[in-house]
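Q: Below is a structure I'd like to ask you about.
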Amino acid sequence: ELKVEQNPLFLSMQEGKNYTIYCNYSTTSDRLYWYRQDPGKSLESLFVLLSNGAVKQEGRLMASLDTKARLSTLHITAAVHDLSATYFCAVDLDNAGNMLTFGGGTRLMVKP
Amino acid sequence: DGGITQSPKYLFRKEGQNVTLSCEQNLNHDAMYWYRQDPGQGLRLIYYSQIVNDFQKGDIAEGYSVSREKKESFPLTVTSAQKNPTAFYLCASRRTGLNEQYFGPGTRLTVT
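Residue numbers (the numbering used here), protein chains in the order written: chain A, 181 to 292; chain B, -17 to 94.
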């Protein structure tokens, strides 16, 4: 059974600070996705990582994938309040985009 | 505008009743998915369908049923056999050949 663990589960940080969210998974997969969810809302796709060493950046967020270590990171640079949300990683078990297993989420609160 | 529609946004039912959640997409995507999200947790895959008239069980299919008679529609029935049906249900779709799943706005089901 594939297990996907995110840490931390909850993160409170000051605006302007940097931090990294970690996503570890227990079985072989070359594909990983990051999503954002605002309270009571649906999921918004942030990054699609399709191979070992993949790095994607959008604004203050940067995601990377190390398939050998079974680890993905989501790095936040100079956080702003608008980044407050819950972030999920999802591992693609069949490498075909169908069988996604989600981590438990990291709830991020950025304080002014 | 292209997108995924889920209706209703909120749904209330009495225990022992079956209930059907609607999911429609006009993105011309081949694959569609149903997920369940419990408070403070990640998403879990219920069922998915890659083509019309075909679908596969996900991780938590017991107590649920689906149909895929049309490409644009993938309704989910929560049966009375589902022990804890109260949850947030999210539908997603994906274009064949691409990896990213796009999510609908969700239906919050409460069973009392």
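Even glycine gets a Cβ: it sits at the ideal position worked out from N, Cα and C. Since this is a predicted model, take the numbers as computed values, not measurements.
If you measure from the beta carbon of Gly88(B) to each beta carbon in chain A, is any gap under 7 Å?
A: Counting from one through the second sequence, the residue named residue 88(B) turns up at place 106. It does: the Cβ of Gly88(B) has a partner Cβ on chain A nearer than 7 Å.
Q: Classify His255(A) as helix, strand or coil using the three-state DSSP reduction.
A: Against the first sequence, residue 255(A) aligns to sequence position 75. Strand at His255(A).
Q: So, with DSSP's three-state summary, where would you put Asp272(A)?
A: For the purposes of this step, residue 272(A) is identified with residue 92 of the first sequence, where counting begins at 1. Reduced to three states, the DSSP call for Asp272(A) is strand.
Q: For the putative contact between Leu223(A) and Leu263(A), defined by C-beta atoms under 8 Å, what is the C-beta separation to the nearest angstrom?
A: Taking the first sequence and counting its residues from 1, the one referred to as residue 223(A) is at position 43. Taking the first sequence and counting its residues from 1, the one referred to as residue 263(A) is at position 83. That belief does not hold up - the Cβ atoms of Leu223(A) and Leu263(A) are roughly 16 Å apart, past 8 Å.
Q: Identify which residue in Val48(B), Glu44(B), Asp36(B), Gln(-1)(B) has its Cα closest to the Cα of Cys73(B).
A: On the second sequence, position 91 is the one that residue 73(B) refers to. The shortest C-alpha separation from Cys73(B) is found at Val48(B).
Q: Select from Ala259(A), Leu226(A), Met242(A), Leu273(A) the residue whose C-alpha is nearest the C-alpha of Thr253(A).
A: One-based indexing of the first sequence puts residue 253(A) at position 73. With distances taken between Cα atoms, Thr253(A) lies closest to Met242(A).
Q: Using the Cα positions of Glu44(B) and Ala63(B), report the straight-line distance between them to the nearest angstrom.
A: For the purposes of this step, residue 44(B) is taken as the residue at position 62 of the second sequence. For the purposes of this step, residue 63(B) is taken as the residue at position 81 of the second sequence. Straight-line Cα distance between these residues: approximately 8 Å.
Q: Quick check on the burial criterion: 16 or more other C-beta atoms within 10 angstroms. Buried or exposed for Ile33(B)?
A: Reading the second sequence from its first residue, position 51 is the one you call residue 33(B). Under this definition Ile33(B) is an exposed residue.
Q: If contact means a Cβ-Cβ distance below 9 Å, which residues of the segment 207 to 241 of chain A contact chain B?
A: Of all residues in the segment 207 to 241 of chain A, Arg211, Tyr213, Tyr215, Gln217, Gly220, Lys221, Ser222, Leu223, Glu224, Ser225, Val228, Leu230 have a Cβ within less than 9 Å of some Cβ in chain B.
Q: Taking Cβ positions only, does Phe268(A) come closer than 7 Å to chain B?
A: To locate residue 268(A), count along the first sequence from 1; it is residue 88. So, interface residue.
Q: Which residues in chain B have a C-beta closer than 8 Å to the C-beta of Gly285(A)? List them in chain order.
A: Here the question's residue 285(A) lines up with position 105 in the first sequence. Simply Gly22, Gln23, Gly24.
Q: With distances taken between CB atoms, is the gap from Ser244(A) to Val235(A) smaller than 7 Å?
A: Your numbering for residue 244(A) matches position 64 in the first sequence. Your numbering for residue 235(A) matches position 55 in the first sequence. Going by C-beta atoms, Ser244(A) is nearer than 7 Å to Val235(A).
Q: If you drop the 5 nearest sequence neighbours on each side, which residues of the same chain put their C-beta closer than 7 Å to that of Thr281(A)?
A: Position 101 of the first sequence holds residue 281(A). Cβ neighbours of Thr281(A) beyond the five flanking positions: Leu182, Val184, Ala270, Val271, Leu273.
Q: Express the C-alpha separation of Leu212(A) and Tyr205(A) in angstroms, rounding to a whole number.
A: What you label residue 205(A) is simply residue 25 of the first sequence in a count that begins at 1. What you label residue 212(A) is simply residue 32 of the first sequence in a count that begins at 1. Taking the straight line from one Cα to the other gives about 10 Å.
Q: Ordered along the chain, which non-local residues of its own chain (more than five positions away) have a Cβ less than 6 Å from that of Lys291(A)?
A: Residue numbering aside, residue 291(A) sits at position 111 when the first sequence is read from its first letter. Gln194.
Q: Grouping DSSP H, G and I as helix and E and B as strand, with all else coil, what is Asp262(A)?
A: Residue 262(A) sits at position 82 when you count from the first residue of the first sequence. Asp262(A): helix per DSSP, three-state reduction.
Q: Measuring alpha carbon to alpha carbon, tell me which residue in Phe190(A), Ser192(A), Gly196(A) is nearest Ala136(A).
A: Not covered by the structure: residue 136(A). The range shown for chain A is 181 to 292.
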